Each structure stands twice: as C-alpha cells, then as structure tokens.
Amino acid sequence: MSGFGHGFEGSYAGNAARLAPDDRLECGICWWIYDPAEGDELGGIAPGTPFAHLPAHWVCPQCEAPRHKFMVLRDD
Ligand SMILES: [Zn+2]
2 MSGFGHGFEG
12 SYAGNAARLA
22 PDDRLECGIC
32 WWIYDPAEGD
42 ELGGIAPGTP
52 FAHLPAHWVC
62 PQCEAPRHKF
72 MVLRDD
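Numbering of the sequence shown is given in my numbering, commencing with residue 2 and proceeding in unit increments.
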C-alpha cells in the first residue's frame with residue numbers, strides 16, 4: 002500500500018455528507034434544479050427537505066437521472 006491512487010478527493014461523487022442543508026443541486030443531464038426550499042412536488046418531497054435527506058430511490062423528476070448525476074450549484 003503506497004498511498005497513491007486516491008483520485009476521489011474534491012469530487013462530489015455522491016458524498017451527501019459534504020452538502021449544506023440549503024444547497025441547490027443541478028441535474029447533470031437535463032439541468033433541472035433541486036431547491037431544498039421548494040422540494041419536489043412530483044416526487045412527493047416536502048419543501049424544506051435537504052438534498053442529503055432525499056430517499057435513496059429518488060431520481061430527477063424530469064429525466065429520471067439518479068442522485069449522483071446532480072452537481073452542487075454555488076452562487077459566488
Ligand atoms: Zn434531470
């Protein structure tokens with residue numbers, strides 16, 4: 002074990018623990034945006050639900066992409 006070969010630091014890679022509760026995420030396939038303040042009415046997700054708390058089977062309501070296709074939106 003050399004310690005080399007770890008290429009995952011810094012990528013989101015489905016690691017919900019790095020998300021803030023109010024982070025918005027954008028679908029990498031269709032650009033639909035999940036806003037925790039609004040939830041996902043189609044998916045039965047109540048407003049105020051952080052992305053990290055979405056059920057494991059949740060998919061994009063527009064294109065059915067899985068959660069790990071989403072990318073965090075940052076307004077700088
Ligand atoms: Zn989508």
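Positions of the beta carbon are idealized from the N, C-alpha and C atoms, including for glycine.
Please read these numbers as outputs of a predicted model, since none were measured by experiment.
Residue environment analysis places residue 61 among the buried positions, since at least 16 neighbouring C-beta atoms fall within 10 angstroms of its C-beta. Distances between the C-beta of residue 59 and the heavy atoms of ligand 1 are all 7 Å or more. When the Cα atoms are used, residue 26 and residue 35 turn out to be separated by approximately 5 Å. Residue 30 has its CB nearer than 7 Å to a heavy atom of ligand 1. The beta carbon of residue 48 sits closer than 7 Å to those of 38, 39, 40, all from its chain and outside the five residues before and after it, given in chain order. Look at residue 75 here: in three-state DSSP terms it is coil, with no helix or strand label. The continuous stretches of beta strand (DSSP E) do not include residue 61, and DSSP gives it neither H nor E.
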